[in-house]
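Counting with UniProt numbering, you get residues 1 to 98 for the letters of the sequence shown.
Ideal Cβ positions, reconstructed from N, Cα and C, are used throughout, including at glycine.
Down below is the structure, laid out as structure tokens.
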Amino acid sequence: MDPMPAARPQPGARPGPVSREELGAWLTELVAAYAELPPGRIDPGRPLADYGLDSVYALAVCSDIEDRFGLAVEPTLAWDHPTVEAIARHLYAELARS
């Protein structure tokens, strides 16, 4: 697997509140793009590392989250919350606080 995919996903900003389901769907698409897999092959409860996503990809996911939601996230996000499901739950709570 190359260090970064050739075409980085372009999530685009979405104004207003976002549901946890929408967060999960967006994150699933993002992880699928980096793992070069169809979104249907991503299990939200499976660790990102199982899809070959290393620390470089984890930082890219953090950057995409910051760009999309204007939310500063720790670079250890994928370590502390290693699945799409866990990241979505964490982000939903953070967005609700902001």
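Residues near residue i in its chain [Cβ-Cβ closer than 6 Å; skip 5 each side]
{"i": "Glu85", "result": "Pro44 and Gly45"}
{"i": "Leu77", "result": "Cys62"}
{"i": "Leu23", "result": "Ala88, Leu91 and Tyr92"}
Run of the alpha helix (DSSP H) containing residue i, from where it starts to where it stops
{"i": "Tyr57", "result": "Ser55 to Phe69"}
Spatial neighbours of residue i in its chain, beta-carbon cut-off 7 Å, leaving aside the 5 residues before and after
{"i": "Asp67", "result": "none"}
Residue from the options whose Cα sits closest to the Cα of residue i
{"i": "Asp80", "options": "Leu95, Cys62 and Phe69", "result": "Cys62"}
{"i": "Ala32", "options": "Ala49, Glu74 and Glu94", "result": "Ala49"}
{"i": "Gly70", "options": "Ile87, Leu53 and Leu91", "result": "Leu91"}
Local Cβ density within 10 Å of residue i, reported as buried at 16 or more and exposed below that
{"i": "Ala72", "result": "exposed"}
{"i": "Asp64", "result": "buried"}
{"i": "Leu37", "result": "exposed"}
Cβ pair residue i, residue j closer than 9 Å
{"i": "residue 147", "j": "Ala58", "result": "The structure shown does not extend to residue 147, since the chain is modelled only from 1 to 98, so the question has no answer here."}
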